[in-house]
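For reference, the structure discussed in these notes is given below.
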Amino acid sequence: MKLGVYGGTYNPVHNGHISAALSAAGSLGLDKVLMIPTATPPHKDVPDGVAAAQDRLEMLRLAAACDKRLVPSDMEIRRGGKSYTVDTLAELKKEYPSVELYLIIGTDMLRSFETWYRAADILKMASLAVCARKNAEKEEIPELSENLRRKYGADVTVIENDIVDISSSELRGLLKTRRGVEYLDGAVYGYIIKKRLYDAKPSFEWLREKSYEMLDPKRIPHVKGCEEEAEKLANRWGANVEKAKEAAILHDCTKKLDLEQQLELCAEYSIETDELERASAKLLHAKTGAAIARDVFGMGDDVYNAILWHTTGREDMTLLEKVIYMADYIEQTRHFEGVDELRKLAYEDLDEAMILGLRMSLDDMKASGITPHGRSVDALRYLEKEHR
785 MKLGVYGGTY
795 NPVHNGHISA
805 ALSAAGSLGL
815 DKVLMIPTAT
825 PPHKDVPDGV
835 AAAQDRLEML
845 RLAAACDKRL
855 VPSDMEIRRG
865 GKSYTVDTLA
875 ELKKEYPSVE
885 LYLIIGTDML
895 RSFETWYRAA
905 DILKMASLAV
915 CARKNAEKEE
925 IPELSENLRR
935 KYGADVTVIE
945 NDIVDISSSE
955 LRGLLKTRRG
965 VEYLDGAVYG
975 YIIKKRLYDA
985 KPSFEWLREK
995 SYEMLDPKRI
1005 PHVKGCEEEA
1015 EKLANRWGAN
1025 VEKAKEAAIL
1035 HDCTKKLDLE
1045 QQLELCAEYS
1055 IETDELERAS
1065 AKLLHAKTGA
1075 AIARDVFGMG
1085 DDVYNAILWH
1095 TTGREDMTLL
1105 EKVIYMADYI
1115 EQTRHFEGVD
1125 ELRKLAYEDL
1135 DEAMILGLRM
1145 SLDDMKASGI
1155 TPHGRSVDAL
1165 RYLEKEHR
């Protein structure tokens, strides 16, 4: 059996890692490529904000699902301590005595290879497969490889591959600024966003795509309109624009679910409900949507609450909550008597617009024979008292 060994911090695993592993497998005819996240890298400092070992392993499992030849391994994590390659190869040789081992490395690792712990012993157990990340790096490989052949009798193969030119450290920086999604497997990106690893913020394009997939297509224009209105209102009144956009994009993410499905989500997320809510999918979608926003998309408390209260409102609403409530009410696809007046007022006096909007909503429900939720009544009473 021919086995590739591809170790690294994988913090996080990205498309460059997967491309290199698949190129090595194809070029060398490898039966498997073991992708092994380190416990503690011996040759460099642990990066700031390194993800937990189990998170790195789980991301690797998600990324490696694309090809059965790629096999994530937790052997170095289980072993703990500094992850010396010589120990990993010795363990594999013991488990598979007749295996041919190929150690997959990058040009940067080839440059420093002689400084590795027991480098000579590594070369006795495995051949080297070198993947260059940049074309310029390929020019260095012949001289570096010849040096190892001359000194240690090393077997070095250069893997021809259009390596994705990104490092994990560069990618971590991009993730903080809502960029970098194109360098990651979709499931890996979703995992990072859900757990907010590396202080990652979701790309708005990705967030829209995922949100729209959850909607009835007829509702998408409303959600687009709500995002546009929320951005304008946030800019007008000094709310956090990025959080306003996030809340608006996700505010109706469970809207198409029927009452039974809403109640199932309430049970799943241990959401407390009252008698009126248990009879109304319209009321429940705000609570279940907030839960999904937090659990699936990693949203914080302020965005969670803006979604949670966007239907009924509540006493003493935050600025962001008012922005989302009003954006949902007056976005440009909304057409009802008085909406133009409400839109104008929303940019003149947001609290007065909230008062008018709540009154209009309560009057409309009463005219339709619908029992208003007490939170809406309390929200109106609170605002009216504050503006006496």
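Sequential numbering from 785 applies to the sequence shown in our numbering. All residues carry an ideal CB built from backbone N, CA and C; glycine is no exception. Please read all numbers here as calculations on a predicted model, not as lab measurements.
- Per DSSP, reduced to three states, the secondary structure at methionine 1083 is coil, with no helix or strand assignment.
- By a beta-carbon distance limit of 8 Å, proline 796 does not contact valine 1025. Their separation comes to about 27 Å.
- When the five nearest sequence neighbours on each side are left out, the beta carbons in the same chain lying within less than 6 Å of the beta carbon of threonine 793 are those of Thr822 and Pro825, in order along the chain.
- One Cα belongs to arginine 933, the other to threonine 941, and the distance between them is close to 11 Å.
- With contacts defined as CB atoms closer than 8 Å, alanine 848 and methionine 819 qualify as a contacting pair.
- The alpha carbon of tyrosine 982 has as its nearest neighbour, out of Pro881, Lys908 and Gly1082, the alpha carbon of Gly1082.
- Across the structure, glycine 833 and valine 1123 are spaced so that their CA atoms are roughly 48 Å apart.
- Going by beta carbons, valine 789 and leucine 854 fall outside the 8 Å limit.
- Here glutamate 924 carries a coil assignment [DSSP, helix/strand/coil].
- When the five nearest sequence neighbours on each side are left out, the beta carbons in the same chain lying within less than 8 Å of the beta carbon of glutamate 842 are those of Tyr975, in order along the chain.
- Counting along the chain, glycine 970 sits inside the alpha helix (DSSP H) bounded by residues 970-979.
- In summary, isoleucine 977 is buried, with 16 or more beta-carbon neighbours lying within 10 Å of its beta-carbon over all protein chains present.
- Looking at the backbone, the Cα of aspartate 969 and that of alanine 809 are separated by about 19 Å.
- Within the segment 815-861, the complete beta strand (DSSP E) segments of 3 residues or longer fall at 816-821 and 854-856, listed in chain order.
- Per DSSP, threonine 872 is one residue of the alpha helix (DSSP H) stretching across 869-879.
- Membership of leucine 912 in the beta strand (DSSP E) is indicated by the continuous run 910-915.
- Approximately 6 Å separates the beta-carbon atoms of asparagine 945 and serine 803; this is inside 8 Å, confirming the contact.
- About 5 Å separates the Cβ atoms of valine 870 and isoleucine 906, confirming a contact at the 8 Å cut-off.
- In this structure alanine 1032 touches isoleucine 1108 by the C-beta definition: roughly 6 Å separates them, less than 8 Å.
- A straight-line Cα-Cα distance of about 7 Å links glycine 1141 and leucine 1126.
- Within the same chain, Cβ atoms closer than 6 Å to the Cβ of threonine 1096 are found at His1157, Arg1159 and Ser1160, the five residues on either side in sequence being excluded.
- By the criterion of a C-beta distance shorter than 6 Å, leucine 876 is surrounded by no residue of its chain, once the five residues flanking it on both sides are discounted.
- Unbroken alpha helix (DSSP H) stretches of 4 residues or longer found wholly inside the segment 969-1045: 970-979, 988-997, 1004-1021 and 1025-1034, given in chain order.
- Exclusion of the five residues before and after valine 883 leaves Met785, Lys786, Leu787, Leu876 and Lys877 as the residues of its chain whose Cβ lies within less than 8 Å of its Cβ.
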